[in-house]
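In our numbering, the protein residues as written are 25 to 104. Note sheet for the following structure.
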Amino acid sequence: MDGLLTEALSQGLWASLFVSLYLYQLQESRRLQAEARGREDRLTDFLKDISKQFEILAKQYERLSDDVQIIKSEIRERGN
25 MDGLLTEALS QGLWASLFVS LYLYQLQESR RLQAEARGRE DRLTDFLKDI SKQFEILAKQ
85 YERLSDDVQI IKSEIRERGN
């Protein structure tokens with residue numbers, strides 16, 4: 025009887041360790057998912073910001089290109 029009680033307590037210890045490890049893994053998994061979600065949101069915002077900045081640069085380039093064409097045509101007109 026004493027051996028049976030000892031075995032039950034031994035398995036109970038392993039079961040409680042298993043459950044505690046399982047709960048810890050669940051909690052850690054949720055934390056990592058939240059971090060990943062936050063990182064993904066920050067990267068998405070960064071990409072949106074970079075896209076807006078690229079659009080602004082493209083418009084500035086177009087204006088600069090137009091100005092250069094105007095200057096070239098004025099120089100050609102003065103040269104003739």
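Idealized CB from N, CA, C, for every residue including glycine.
Cα separation between residue i and residue j?
i: S89; j: I99; result: 15 Å
i: Y48; j: I80; result: 48 Å
i: A82; j: D73; result: 14 Å
i: D91; j: L56; result: 52 Å
i: S44; j: W38; result: 10 Å
Ignore the nearest five residues each way along the sequence and tell me which others in residue i's own chain have a CB closer than 6 Å to its CB.
i: S53; result: none
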